[in-house]
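In UniProt numbering, the protein residues as written are 1 to 114. All residues carry an ideal CB built from backbone N, CA and C; glycine is no exception. See below for the structure under consideration.
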């Protein structure tokens with residue numbers, strides 16, 4: 001597998017791909033924001049695909065969300081709309097229940113205001 005590993009805006013795509021190790025089955029794009037402003041985008045090969053966003057930095061609200069795929073150079077998207085779609089995942093669990101969450105909470109007698 002080959003994954004994109006650098007910026008696609010300044011360097012031609014053919015110059016920013018690299019081979020992945022045999023155990024790296026994912027191409028990832030990790031987008032980081034700090035205080036709701038985009039701060040970095042990194043692309044690479046990965047052993048696993050993180051499904052949840054990670055929040056770190058007390059008082060800084062630094063959040064990183066990743067998008068993964070399994071085809072050659074599939075992590076080559078760079079539009080702001082794409083970044084916003086990936087970053088929207090950080091709010092999913094807070095704004096509406098996840099798959100089967102309502103049913104689980106009802107059966108467990110857990111009440112939430114949704």
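Item, Value
"Does the distance from the C-beta atom of residue 61 to that of residue 34 stay below 8 Å?", "yes"
"Is residue 85 helix, strand or coil by DSSP?", "helix"
"Is residue 15 helix, strand or coil when you go by DSSP?", "helix"
"How many whole angstroms separate the CB atoms of residue 30 and residue 88, which I take to be in contact at a CB cut-off of 8 Å?", "At roughly 15 Å, the Cβ-Cβ gap does not stay under 8 Å, so residue 30 and residue 88 are not in contact."
"Apply the 10 Å Cβ neighbour rule to residue 26 and answer buried if 16 or more other Cβ atoms are within range, or exposed otherwise.", "buried"
"Are the CB atoms of residue 68 and residue 28 nearer to each other than 8 Å?", "yes"
"With the cut-off set at 8 Å, would you say residue 64 and residue 74 are in Cβ contact?", "no"
"By Cβ distance, which residues of its chain are closer than 8 Å to residue 86, with the 5 residues on each side in sequence left out?", "29, 31, 65, 66, 67"
"Alpha carbon to alpha carbon, how far is residue 84 from residue 105? Give it in angstroms, no decimals.", "30 Å"
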